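Taking the numbering used here, the leading residue of the sequence shown gets 1, the next gets one more, and so forth. Note that CB positions come from ideal geometry on N, CA and C, so glycine has one too. Fair warning: this is a prediction, and the values are worked out from it, not measured in the lab.
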Amino acid sequence: RWVEQYSLCLDLNEMSASVSCFQGDINTMSRCLHETIANVKCFEDGLTSKTLLAKLFAASSKYDDAVNNCLSILSTLGEEFPQYISLPIVLNDLSVIQTT
1 RWVEQYSLCL DLNEMSASVS CFQGDINTMS RCLHETIANV KCFEDGLTSK
51 TLLAKLFAAS SKYDDAVNNC LSILSTLGEE FPQYISLPIV LNDLSVIQTT
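Written out as structure tokens, the structure reads:
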């Protein structure tokens, strides 16, 4: 299916995952997202599914997976975050931002 009707499959799977999210059907949502992510041709095509996957992780109380998923997306977009974040680091970075 994905080879012959790539755009249609991408759209239908993303819509199905979104509707499943609204309905609280995490099994269908998970299936749709994993199928989509496995078949996308480029990063941009999978971005919606990857952000929905973060919502799925959070809804399933898998907060570390949600954070790691989001950090992976941001890293691919060129934004880097330290592995360890402490309050002094955050306060220092905020003061730098506020003064620039």
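### Message
For methionine 29, tell me which candidate among Asn39, Ser18, Ala38, Val67 has the shortest Cα-Cα distance.
### Response
When C-alpha distances from methionine 29 are compared across Asn39, Ser18, Ala38, Val67, the shortest belongs to Ser18.
>> Looking at phenylalanine 81: is its Cβ nearer than 8 angstroms to the Cβ of leucine 71?
In response: yes
**Message:** DSSP three-state label for cysteine 42, please.
**Reply:** coil
Within the 8 angstroms Cβ cut-off, does leucine 53 reach chain C? In the displayed structure, chain C is absent; only one protein chain is listed.
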